[in-house]
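Protein chains in written order, with UniProt numbering: chain S, 1 to 223; chain L, 1 to 223; chain A, 1 to 223; chain R, 1 to 223.
As structure tokens, the structure follows; a few thoughts come after it.
There are 4 protein chains.
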Amino acid sequence: MTGQSVIMSESATPHRQRRKEARPSELLDAALALFTEKGFSATRAEEVAQRAGVAKGTLYLYFNSKEELLKAVIRHTLSSAVADGRQRLLEHHGSATEALTELLPTWWEEVYDSPSSALFKLVITEVRNFPDIAEFYAQEVIQPGLAVIQALLQRGIDRGEFRPVDVEAAAHSLVLPIIMLCLHKHSVGACALAEAMVADPRRIIRSHLQLVLRGLQAHSSSS
Amino acid sequence: MTGQSVIMSESATPHRQRRKEARPSELLDAALALFTEKGFSATRAEEVAQRAGVAKGTLYLYFNSKEELLKAVIRHTLSSAVADGRQRLLEHHGSATEALTELLPTWWEEVYDSPSSALFKLVITEVRNFPDIAEFYAQEVIQPGLAVIQALLQRGIDRGEFRPVDVEAAAHSLVLPIIMLCLHKHSVGACALAEAMVADPRRIIRSHLQLVLRGLQAHSSSS
Amino acid sequence: MTGQSVIMSESATPHRQRRKEARPSELLDAALALFTEKGFSATRAEEVAQRAGVAKGTLYLYFNSKEELLKAVIRHTLSSAVADGRQRLLEHHGSATEALTELLPTWWEEVYDSPSSALFKLVITEVRNFPDIAEFYAQEVIQPGLAVIQALLQRGIDRGEFRPVDVEAAAHSLVLPIIMLCLHKHSVGACALAEAMVADPRRIIRSHLQLVLRGLQAHSSSS
Amino acid sequence: MTGQSVIMSESATPHRQRRKEARPSELLDAALALFTEKGFSATRAEEVAQRAGVAKGTLYLYFNSKEELLKAVIRHTLSSAVADGRQRLLEHHGSATEALTELLPTWWEEVYDSPSSALFKLVITEVRNFPDIAEFYAQEVIQPGLAVIQALLQRGIDRGEFRPVDVEAAAHSLVLPIIMLCLHKHSVGACALAEAMVADPRRIIRSHLQLVLRGLQAHSSSS
DNA sequence: AATGAATGAGCTTTCATTCAT
DNA sequence: TATGAATGAAAGCTCATTCAT
């Protein structure tokens with residue numbers, strides 16, 4: 001469902017005893033998929049184990065509790081795509097306009113297609129039950145994510161590409177729709193009849209960036 | 001899985017409907033609050049009853065099961081704010097620009113402040129476990145919501161206020177950040193340390209609408 | 001097995017809903033019997049419930065955990081027989097010899113026949129797993145129990161009935177065998193073939209007290 | 001329940017007995033310590049292995065099950081101190097008084113200090129769960145132990161050292177406090193605050209034997 | 001109509017035991 | 001022989017639901 005190579009490995013050793021190193025991430029992948037699909041509380045520990053191809057008890061060889069598994073899932077998944085795309089933006093030295101039209105849509109489409117997209121739903125759903133997720137998420141995702149976008153916008157303003165806008169608010173204008181599309185993908189979007197409901201998310205992302213870019217650009221008359 | 005339009009089915013039997021209308025809306029309010037805060041699965045039926053000030057057994061006098069309570073909560077809450085704001089937009093006959101700068105922000109702030117804002121989180125969180133919510137939500141919220149925004153945008157284009165843009169995509173640009181802010185309010189935003197994380201949502205909404213409006217307006221140069 | 005009226009009550013209301021007040025002590029009685037027979041760890045919570053005539057879940061209506069049930073059993077059972085017999089000794093004002101030949105054997109036979117006899121085994125068995133039992137037991141049983149016996153012996157010495165002996169040690173000489181007989185009753189003594197192993201405990205108690213009494217008395221030659 | 005003399009049955013097949021003798025007595029020592037401390041049921045097989053310095057699987061190379069390990073522990077530990085002390089008493093040919101004042105206290109202090117002292121607790125605790133322990137214990141410990149003490153007392157009576165007392169009961173008077181002190185050592189006595197609770201067990205044993213000896217001796221007036 | 005004691009299916013977690021290495 | 005990853009039966013505990021009052 002959420003992709004990742006949960007099952008694709010090792011059809012040659014069908015029974016007991018596989019590799020201890022691979023187990024944790026197989027379990028994490030299975031857990032991410034199920035926690036995102038059904039919610040943490042509605043997912044049984046045994047389901048996670050089954051989807052990872054192991055028995056119930058094996059799960060507890062690697063994680064002390066279901067809750068610790070959740071925390072590990074979040075920690076594990078956050079590390080990947082977000083920081084990675086951020087890196088690309090930091091290394092970019094072209095015009096801000098160019099970054100908005102080329103870098104951002106590419107990065108966000110990757111996020112949308114990756115398992116990280118599921119994480120947004122997971123965090124939104126579970127923070128209130130596990131408040132220490134909030135701090136971790138804020139520090140690892142929200143702050144650095146917004147910071148890099150705000151820096152980009154500020155650069156555009158400094159270079160004269162953009163009007164002097166409320167940079168903080170504008171960053172939200174850019175980011176929030178993509179997160180919302182990720183959430184949608186893993187909720188209503190995953191239900192049968194809602195397929196035609198939202199048009200191709202790629203089209204929406206690119207269109208959105210164009211629209212905001214135009215709103216930002218300096219050479220239009222002010223409101 | 002089971003039925004498809006379970007949520008709507010009861011409006012087909014208006015006989016006992018009266019009794020259901022009379023059902024303590026305290027229970028529905030309590031359920032909305034708790035389901036949103038902790039998730040459906042993690043909320044105990046007794047908690048709902050307690051918060052509503054009645055005993056556990058009383059809940060089952062009005063709802064046959066916890067699941068039926070969830071459906072009732074969604075049905076009950078959707079009826080209010082969404083349809084109401086839609087009405088206001090339909091009755092509006094001024095310029096599209098005016099609608100975007102005055103009507104929309106006002107309505108959305110009302111939604112943001114109302115219990116309806118919680119509903120977005122609830123639906124996002126629970127659709128995959130209760131697929132018939134999807135149909136109901138799509139028909140009652142997504143479709144009419146997008147339709148009215150798209151109509152507004154189309155009107156703006158027809159009147160020459162806006163450039164000819166991808167109306168469907170632009171509607172998402174307008175709507176998604178708003179919904180995302182509602183979700184945020186009930187998840188990360190409700191956690192202690194994340195207060196300063198996101199600036200005042202009202203400022204973000206107004207700023208966002210201004211930005212998109214500029215992007216839509218005809219008198220700027222095309223990309 | 002260990003007696004007490006666990007089942008003897010209420011054959012008129014065979015199904016649900018009995019008296020809330022009676023439940024806890026029915027459960028405590030059942031728990032004492034089973035914990036003593038099989039040990040705390042080897043006793044399943046459901047067994048306790050079954051023997052008390054209720055369902056598994058009902059147990060948890062009255063005790064938060066199996067461990068808390070254990071503590072409650074100990075607290076509840078200690079209160080009765082020990083303190084009671086102690087009272088009798090304190091109120092006795094005849095000769096120490098008389099107390100040893102009449103009061104003590106009567107009291108100890110009562111303890112031996114009562115459910116309290118089981119408690120010795122339970123405490124011996126479980127203190128090391130639940131160290132706070134130790135403090136409670138020391139303060140409620142060991143200290144007051146030894147104190148009253150030592151006072152009795154001291155009185156005998158002061159009155160010239162007994163030789164001046166090591167009062168503390170002599171108290172142990174008196175008390176330890178009876179406790180040991182209680183332990184035996186609930187361990188080896190409860191097994192089929194061991195019935196003839198230990199002669200009638202009453203005979204042993206009375207004989208033991210006679211023997212020690214003679215050893216204490218002043219008019220024999222010193223060693 | 002199942003067999004009756006399971007514990008003894010293996011001494012009937014002396015073929016593989018050699019192998020069992022060779023089994024790491026570290027495992028048996030570790031098991032005795034842990035079973036005594038926490039009880040059989042509350043001790044995990046892996047703990048035993050760990051304390052013996054081997055891996056979990058190794059334990060099962062030597063013992064087919066945790067239960068068989070328990071039986072082996074009891075068999076192994078009984079062989080040593082009890083039979084040994086018995087031997088010394090049988091070989092003693094001085095006066096009964098001398099035996100009581102010199103032989104017995106020495107032997108019992110050895111038992112008290114040896115791992116055998118733990119065995120009393122183990123048997124008391126577990127007989128009811130493993131009834132065939134009872135037969136083994138009765139035949140190997142209780143009967144020979146009481147027999148030798150009773151013979152000693154009878155000898156004392158025959159020689160005119162002791163009054164003609166109830167030999168069976170008097171044997172219990174001598175033995176029970178000693179066993180009780182062993183139990184105490186491994187239960188309440190092992191807990192922090194109970195150290196001062198019971199005075200030095202050596203003093204109690206010696207004092208007890210003196211007291212009983214005086215009660216037995218012929219030259220005091222009858223009751 | 002309202003209550004809350006009682007129930008038992010169901011879930012999390014543990015641990016004796018196995019077996020591939 | 002020794003290991004320890006894997007298993008799954010079994011135990012503790014929860015909670016949706018019922019029903020006598």
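Think of the CB as a built atom: it goes at the ideal place given N, C-alpha and C, for glycine as much as any other residue.
Bear in mind the structure is a predicted one, so any value in this text is a computation, not a measurement.
Inset, instruction - Return helix, strand or coil for F162 of chain L, following the three-state DSSP convention. - result: strand
Legend entry - Inter-residue Cα distance where the pair is P177 of chain R and A169 of chain R: 13 Å
Legend entry - Inside the stretch 121–189 of chain A only - alpha helix (DSSP H) runs reaching at least 4 residues: If we require 4 residues or more, the alpha helix (DSSP H) runs fully inside the stretch 121–189 of chain A come out as 132–137, 143–158 and 167–185.
Inset, instruction - Measure the C-alpha to C-alpha separation of I124 of chain L and R51 of chain L and round it to an integer number of angstroms. - result: 24 Å
Inset, instruction - Step through the CB atoms of chain S and report whether any lies within less than 8 Å of the CB of Y112 of chain L. - result: no
Legend entry - Run of the alpha helix (DSSP H) containing R75 of chain R, from where it starts to where it stops: For R75 of chain R, the uninterrupted alpha helix (DSSP H) run begins and ends at K66 to S79, by DSSP.
Legend entry - Nonlocal neighbours in the same chain, by C-beta distance under 8 Å from K185 of chain S, ignoring five residues either side: Y112, S117 and P201
Legend entry - Cβ separation of T36 of chain R and L103 of chain R, assumed to be a contact under 8 Å, to the nearest whole Å: Between L103 of chain R and T36 of chain R the Cβ distance is about 27 Å, and since that is not below 8 Å, they are no contact.
Inset, instruction - Can you tell me the Cβ-Cβ gap for K56 of chain S and E46 of chain S, rounded? I've got them flagged as a contact below 8 Å. - result: Contact flag correct, Cβ pair sits at about 5 Å.
Legend entry - Exposure of H208 of chain A, with buried meaning 16 or more beta-carbon neighbours within 10 Å: buried
Legend entry - Minimum C-alpha distance to R88 of chain S - residue among S:T58, S:T106 and S:G215: S:T106
Inset, instruction - With a 10 Å radius around its C-beta and 16 neighbouring C-beta atoms as the bar for buried, classify P131 of chain R as buried or exposed. - result: buried
Inset, instruction - Using only alpha-carbon positions, find the residue among A:H76, A:T77 and A:G189 that is nearest to I142 of chain R. - result: A:G189
Legend entry - Contact list for D166 of chain S against chain L, beta-carbon separation under 8 Å: R203 and S207
Inset, instruction - Express the C-alpha separation of E135 of chain A and E126 of chain A in angstroms, rounding to a whole number. - result: 13 Å
Legend entry - Exposure label - E161 of chain S; buried when at least 16 CB within 10 Å: Result: buried.
Inset, instruction - Starting from the beta carbon of C182 of chain S, find every residue of chain L whose beta carbon is closer than 7 Å, and list them in chain order. - result: In chain order: nothing, as chain L lies at least about 10 Å away.
Legend entry - Proximity test, Cβ basis, 8 Å: T2 of chain A and chain R: Residue placement at T2 of chain A cannot be trusted, given a pLDDT of 34 that sits under 50; what the coordinates show is reported in the next sentence. So no, T2 of chain A is outside the interface.
Inset, instruction - For chain S, find out if any of its Cβ atoms is closer than 8 Å to the Cβ of K38 of chain L; answer yes or no. - result: The beta carbon of K38 of chain L sits closer than 8 Å to some beta carbon of chain S.
Inset, instruction - Alpha carbon to alpha carbon, how far is R206 of chain S from S65 of chain L? Give it in angstroms, no decimals. - result: 44 Å
Legend entry - C-alpha gap between H172 of chain R and I204 of chain R, whole angstroms: 16 Å
Inset, instruction - Identify which residue in R:L78, R:S95 and R:S79 has its Cα closest to the Cα of R159 of chain R. - result: R:S95
Inset, instruction - Identify every residue that forms a DSSP beta bridge with Q50 of chain R. - result: For Q50 of chain R, which the question treats as bridged, DSSP gives no partner whatsoever.
Legend entry - Cutoff 6 Å; reference P164 of chain L; Cβ partners in own chain excluding five residues on either side: I157
Inset, instruction - Have a look at residue 224 of chain L and I74 of chain S and give me their C-alpha separation to the nearest angstrom. - result: Any answer about residue 224 of chain L is impossible in this case: the structure gives chain L only from 1 up to 223.
Inset, instruction - Given a cut-off of 8 Å, decide if R128 of chain R and S187 of chain A are closer than it, judged by their beta-carbon atoms. - result: yes
Legend entry - Own chain, CB closer than 7 Å to A72 of chain A, minus 5 neighbours either side, in chain order: Excluding five sequence positions before and after A72 of chain A, the CB atoms of its chain that fall closer than 7 Å to its own CB belong to L28 and F63, given in chain order.
Inset, instruction - For the alpha helix (DSSP H) containing H208 of chain S, list its first residue and its last residue. - result: DSSP places H208 of chain S in the uninterrupted alpha helix (DSSP H) bounded by P201 to L216.
Legend entry - Through-space distance from I179 of chain R to V48 of chain R, alpha-carbon basis: 26 Å
Inset, instruction - Would you kindly work out how many angstroms separate the C-alpha atoms of C182 of chain S and F120 of chain S, rounded to a whole number? - result: In a straight line, the C-alpha of C182 of chain S is about 7 Å away from that of F120 of chain S.
Inset, instruction - Drop a sphere of 10 angstroms on the beta-carbon of Q139 of chain S, count the other beta-carbons inside from all chains shown, and report buried for 16 or more, exposed for fewer. - result: exposed
Inset, instruction - Have a look at L146 of chain S and V175 of chain S and give me their C-alpha separation to the nearest angstrom. - result: 8 Å
Legend entry - Other residues of its chain near L211 of chain S: CB distance less than 8 Å, five sequence neighbours each side excluded: none
Inset, instruction - Just the C-alpha distance for L152 of chain L and L59 of chain L, rounded to the nearest angstrom, thanks. - result: 43 Å
Legend entry - Any chain S beta carbon closer than 8 Å to V45 of chain L: Note that residue 45 of chain L corresponds to Ala in the displayed sequence, not to Val. Chain S contact via Cβ: absent.
Inset, instruction - Give me the Cα-Cα distance between V148 of chain S and L61 of chain L, rounded to the nearest whole angstrom. - result: 54 Å
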